[in-house]
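Protein chains in written order, with this note's numbering: chain A, 11 to 417; chain B, 11 to 417. Where a beta carbon is used, it is the ideal one built from N, C-alpha and C, also for glycine. Since we're looking at a predicted model, the values are computed, not measured. The structure appears right after this line, and notes come after that.
Number of protein chains: 2
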Amino acid sequence: MINLEISSEFPYPYYCLMKAFFTLVLSLIIGIIHAQKFDDLAKTPPMGWNSWNKFGCDINEKIIREMADAMVSTGLKDAGYDYLVIDDCWQIRRDDNGTIVADPERCPSGMKSLGDYIHSKGLKFGIYSDAGTATCQGRPGSRGYEFQDARTYAAWGVDYLKYDWCNHGKQNSEASYTTMRDALFKAGRPVVFSICEWGTTKPWEWARDIGHLSRSTEDIINCFDCKNYWGGMGVTGIIDLFADLYKYAGPGHWNDADMLEIGNGVLIPAEERLHLSMWAMFASPLMAGNDIRSVSKETVSILTNKEVIAIDQDPLGVAALRWMQYGDLEIWFRPLEGGNYAFCFINRGSQPVTLDQDLKTTVRKYAIDANFMVRDLWKHQEIGTTAENVKGVLLPHDVLMVKLTKK
Amino acid sequence: MINLEISSEFPYPYYCLMKAFFTLVLSLIIGIIHAQKFDDLAKTPPMGWNSWNKFGCDINEKIIREMADAMVSTGLKDAGYDYLVIDDCWQIRRDDNGTIVADPERCPSGMKSLGDYIHSKGLKFGIYSDAGTATCQGRPGSRGYEFQDARTYAAWGVDYLKYDWCNHGKQNSEASYTTMRDALFKAGRPVVFSICEWGTTKPWEWARDIGHLSRSTEDIINCFDCKNYWGGMGVTGIIDLFADLYKYAGPGHWNDADMLEIGNGVLIPAEERLHLSMWAMFASPLMAGNDIRSVSKETVSILTNKEVIAIDQDPLGVAALRWMQYGDLEIWFRPLEGGNYAFCFINRGSQPVTLDQDLKTTVRKYAIDANFMVRDLWKHQEIGTTAENVKGVLLPHDVLMVKLTKK
Numbered sequence: 011m012i013n014l015e016i017s018s019e020f021p022y023p024y025y026c027l028m029k030a031f032f033t034l035v036l037s038l039i040i041g042i043i044h045a046q047k048f049d050d051l052a053k054t055p056p057m058g059w060n061s062w063n064k065f066g067c068d069i070n071e072k073i074i075r076e077m078a079d080a081m082v083s084t085g086l087k088d089a090g091y092d093y094l095v096i097d098d099c100w101q102i103r104r105d106d107n108g109t110i111v112a113d114p115e116r117c118p119s120g121m122k123s124l125g126d127y128i129h130s131k132g133l134k135f136g137i138y139s140d141a142g143t144a145t146c147q148g149r150p151g152s153r154g155y156e157f158q159d160a161r162t163y164a165a166w167g168v169d170y171l172k173y174d175w176c177n178h179g180k181q182n183s184e185a186s187y188t189t190m191r192d193a194l195f196k197a198g199r200p201v202v203f204s205i206c207e208w209g210t211t212k213p214w215e216w217a218r219d220i221g222h223l224s225r226s227t228e229d230i231i232n233c234f235d236c237k238n239y240w241g242g243m244g245v246t247g248i249i250d251l252f253a254d255l256y257k258y259a260g261p262g263h264w265n266d267a268d269m270l271e272i273g274n275g276v277l278i279p280a281e282e283r284l285h286l287s288m289w290a291m292f293a294s295p296l297m298a299g300n301d302i303r304s305v306s307k308e309t310v311s312i313l314t315n316k317e318v319i320a321i322d323q324d325p326l327g328v329a330a331l332r333w334m335q336y337g338d339l340e341i342w343f344r345p346l347e348g349g350n351y352a353f354c355f356i357n358r359g360s361q362p363v364t365l366d367q368d369l370k371t372t373v374r375k376y377a378i379d380a381n382f383m384v385r386d387l388w389k390h391q392e393i394g395t396t397a398e399n400v401k402g403v404l405l406p407h408d409v410l411m412v413k414l415t416k417k
Numbered sequence: 011m012i013n014l015e016i017s018s019e020f021p022y023p024y025y026c027l028m029k030a031f032f033t034l035v036l037s038l039i040i041g042i043i044h045a046q047k048f049d050d051l052a053k054t055p056p057m058g059w060n061s062w063n064k065f066g067c068d069i070n071e072k073i074i075r076e077m078a079d080a081m082v083s084t085g086l087k088d089a090g091y092d093y094l095v096i097d098d099c100w101q102i103r104r105d106d107n108g109t110i111v112a113d114p115e116r117c118p119s120g121m122k123s124l125g126d127y128i129h130s131k132g133l134k135f136g137i138y139s140d141a142g143t144a145t146c147q148g149r150p151g152s153r154g155y156e157f158q159d160a161r162t163y164a165a166w167g168v169d170y171l172k173y174d175w176c177n178h179g180k181q182n183s184e185a186s187y188t189t190m191r192d193a194l195f196k197a198g199r200p201v202v203f204s205i206c207e208w209g210t211t212k213p214w215e216w217a218r219d220i221g222h223l224s225r226s227t228e229d230i231i232n233c234f235d236c237k238n239y240w241g242g243m244g245v246t247g248i249i250d251l252f253a254d255l256y257k258y259a260g261p262g263h264w265n266d267a268d269m270l271e272i273g274n275g276v277l278i279p280a281e282e283r284l285h286l287s288m289w290a291m292f293a294s295p296l297m298a299g300n301d302i303r304s305v306s307k308e309t310v311s312i313l314t315n316k317e318v319i320a321i322d323q324d325p326l327g328v329a330a331l332r333w334m335q336y337g338d339l340e341i342w343f344r345p346l347e348g349g350n351y352a353f354c355f356i357n358r359g360s361q362p363v364t365l366d367q368d369l370k371t372t373v374r375k376y377a378i379d380a381n382f383m384v385r386d387l388w389k390h391q392e393i394g395t396t397a398e399n400v401k402g403v404l405l406p407h408d409v410l411m412v413k414l415t416k417k
């Protein structure tokens, strides 16, 4: 509303110019006030563990504390997995003041105490809510309570918020996530803001200044190569989607390929290596999703492959693109800091494929010559130089991930 | 998120059916929980006084208290104007808990005290906020604070909320107004919810179950026949818009033609009579917008025309449609409770028009025969029956409003 009384004789053109100017200035001011996220967080993709893939709603504080212990004892923390994120079902209702209340059966000692325990292990504390009226499991959502919830999280010492998109009705996604971003910023405690909008309104196009990571898909299905009709996909479906998303990722704003299914009993070891390798190529957050209290040595060795993790965490922050496809064989390319590169060969088919690939090439603006060492990041050894072709046999669903380092 | 782990062997059709069913049930439950407004309010269009048209941002508690006194002393309250609505600029900031704070310079005794004073006069207490991040005057908006603000209003004894649409960014209007509706309902104190969305997203199509009244236009311009290029209009422009809106009005969900400009120094008395008459035909809320501390007898006599107000407040709650147009002459028709009817003749032009109109007709499902008394609601006298034509001369910008009562 503009406070002007106008008669028929009013000089409209002048008034209209004034109103246009006023509106512009106000919009700019409001834009500056509100265009805020914590910019120094997540300069590389966040890593950690999330309760959902393994436990779903069946969580409690005993599991969470044991998982914090296990993240340290298994070496996951040392490998970089330092966010422990409690997904849906920690919350149960709101009190008379509207404050969100933890489920007293699942978390009797309260979220502050649980967060303190997580912090005492040198880990960071992640939590979950939803932009709609209720979470996906029907718990209270944050819609209309954003600033209050953000203050509560800050008081509990929360470092990371996964913010889901169930029960959003006709809400606009960008506006809804912007409101929680503003609320977290106003609460003052730096919080990594994980947008979990499932890709339905192309969040890669708007999430950059709102969240630090943004989910691109429905929940991952624990399988190598399957899809369902409402958009859920296994590993290969997500890989296909990410072929077009590389240009939207960068420091502080990552495309989230969803939590890992490594160690959850379905994928074979080759598929698990491929899974981690490709998530690293995407510069996706790496959130383990298995029960790491009872994790096998093989799973730990996959999850903690520091050379693969280093690709994920490369400070240049440029995500991979799908450089070549030859039938079931795909070769992905990622430029790295210091003029180095990663290539990832994956065999999506059920037959072995023979490799004989020259890596001297130009992809986008990146020209690769014969002067690079080629290192296999799963065998942890040099396998030659770019003077020769990469040769070998890639078994079904297996991966060859190499790093090219300037000689 | 759905807590299921799926391998390639998973029986998809069964799973999909289960998910669809689960989603449906959850949606229904959430729909029932949230589809709530205070249904027993505003069974007839709200009436009162609002500070904006006369005072804009220049309000303070002295003005408000004096206006409450004047609403009683002038007889406006007795005529039905019982909501005193404080528009934008009463608020200034939020405190550390996020609670909205009244401007201590404008309202030093606080909103609770001001509300108590308004209530002590037998009036009801209305307030203003905005669905966006800031109000139209740059004060704090309710976006992300909806439930907290609603609790605050309830604690202050607020009876009416005008809820504006500035600085909404990419918010969805229906979703934004739904959130505040839910917040008011949850706070528990019955509040008339006045949607002020300016018509940009056709609120008449979605506001029915959300608010008790819904603005259809930009702010009214204080003129009889003017428009501006961004959609503001005077009396005639709003009349044209309302020709198509009658089907959306009804008890508890009214189309709001905006606050009255009667007594604000621009409209001539004929135009003011026409203004009030047509707002009554629309079943629009009647919110005076002038300084009623210094109101003239003529303005009071127009605003308090009980016969015209009775048309506005007719319990059948069916709004008027534009029945006939003859050049500058328009005849509007409104069915009333008890098988009675109102007709409103308006002359939009600058020349007198001669009336000679047979009112025996059928409009929609309503058949009118020769057996009605015809009463002039501005002259307060019977002028004949429907056995004869209505005859006379209508001066420029003047109105003839008649009620047809069964003999």
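By the criterion of Cβ-Cβ separation under 8 Å, what are the contact partners of residue i in chain B?
{"i": "A:R161", "result": "N107, G108"}
{"i": "A:N60", "result": "Per Cβ cutoff of 8 Å: no residues; A:N60 is ~11 Å from chain B at best."}
{"i": "A:Q158", "result": "G108, Y155, F157, Q158"}
Name the chain A residues whose beta carbon is nearer than 9 Å to that of residue i?
{"i": "B:D192", "result": "T143, R153, G154"}
{"i": "B:A185", "result": "R153, H178, G179, K180, Q181, N182, A185, S186"}
Restricting to Cα atoms, I'd like to know which of the options is closest to residue i.
{"i": "A:G348", "options": "A:T189, A:V363, A:L326", "result": "A:L326"}
{"i": "B:G154", "options": "A:T309, A:W214, A:Q181", "result": "A:Q181"}
{"i": "B:K47", "options": "B:S119, B:T145, B:I220", "result": "B:I220"}
{"i": "A:N107", "options": "B:E76, B:H407, B:F157", "result": "B:F157"}
{"i": "B:G167", "options": "B:N63, B:R199, B:A329", "result": "B:R199"}
{"i": "B:D174", "options": "B:R103, B:K131, B:D254, B:W62", "result": "B:W62"}
{"i": "A:K375", "options": "A:E398, A:H390, A:Y351, A:N381", "result": "A:Y351"}
{"i": "A:V111", "options": "A:Y138, A:F252, A:L86, A:D268", "result": "A:Y138"}
{"i": "A:I278", "options": "A:V318, A:D254, A:K257, A:D235", "result": "A:D235"}
Could you tell me the alpha carbon to alpha carbon distance between residue i and residue j, rounded to whole angstroms?
{"i": "B:H44", "j": "B:R225", "result": "Here B:H44 scores only 48 on pLDDT, less than 50, and its place in the model should not be relied on; the value that follows carries that caveat. Taking the straight line from one Cα to the other gives about 23 Å."}
{"i": "B:F355", "j": "B:D266", "result": "21 Å"}
{"i": "A:Y93", "j": "A:L331", "result": "27 Å"}
{"i": "B:K401", "j": "A:H178", "result": "58 Å"}
{"i": "B:D113", "j": "B:V409", "result": "43 Å"}
{"i": "A:L286", "j": "B:D98", "result": "55 Å"}
{"i": "A:K122", "j": "A:N232", "result": "32 Å"}
{"i": "B:M411", "j": "B:D386", "result": "6 Å"}
{"i": "B:G241", "j": "B:Q335", "result": "23 Å"}
{"i": "B:L414", "j": "B:N315", "result": "17 Å"}
{"i": "B:N60", "j": "B:S186", "result": "23 Å"}
{"i": "B:G247", "j": "B:K237", "result": "7 Å"}
{"i": "A:S294", "j": "A:L51", "result": "15 Å"}
{"i": "B:Y91", "j": "A:G142", "result": "38 Å"}
{"i": "B:M383", "j": "A:R104", "result": "60 Å"}
{"i": "A:R344", "j": "A:D324", "result": "10 Å"}
{"i": "B:G120", "j": "B:W289", "result": "34 Å"}
{"i": "A:Y127", "j": "A:I102", "result": "21 Å"}
{"i": "B:E392", "j": "B:T372", "result": "22 Å"}
Run through chain A and tell me which residues come within less than 7 Å of residue i, C-beta to C-beta.
{"i": "B:T189", "result": "R153, G154"}
In the DSSP assignment, what residue or residues form a beta bridge with residue i?
{"i": "B:E340", "result": "B:Q335, B:I356"}
{"i": "A:P150", "result": "A:A144"}
{"i": "B:S226", "result": "In the DSSP output, where bridge partners are listed per residue, B:S226 has none listed."}
{"i": "A:W59", "result": "A:L94, A:A298"}
{"i": "B:D254", "result": "Partner(s): none; B:D254 has no beta bridge."}
{"i": "B:R10", "result": "No answer is possible for residue 10 of chain B: it lies beyond the span of chain B, which begins at 11 and ends at 417."}
{"i": "A:D366", "result": "A:K401"}
Please indicate yes or no: does the CB of residue i lie closer than 6 Å to some heavy atom of the ligand GDP?
{"i": "A:Q335", "result": "In the structure shown, the ligand GDP is absent, as is every other ligand, since no ligand is present at all."}
Runs of 4 residues minimum, wholly inside the stretch 376–408 of chain A: which ones carry the alpha helix (DSSP H) assignment? Taking only runs of at least 4 residues, no alpha helix (DSSP H) segment lies wholly in the stretch 376–408 of chain A.
Note down, one range per segment and in chain order, each beta strand (DSSP E) of at least 3 residues found wholly within the stretch 258–313 of chain A. 264–266, 296–298
Quick one: complete alpha helix (DSSP H) runs, 4+ long, within the stretch 170–215 of chain B? 183–197
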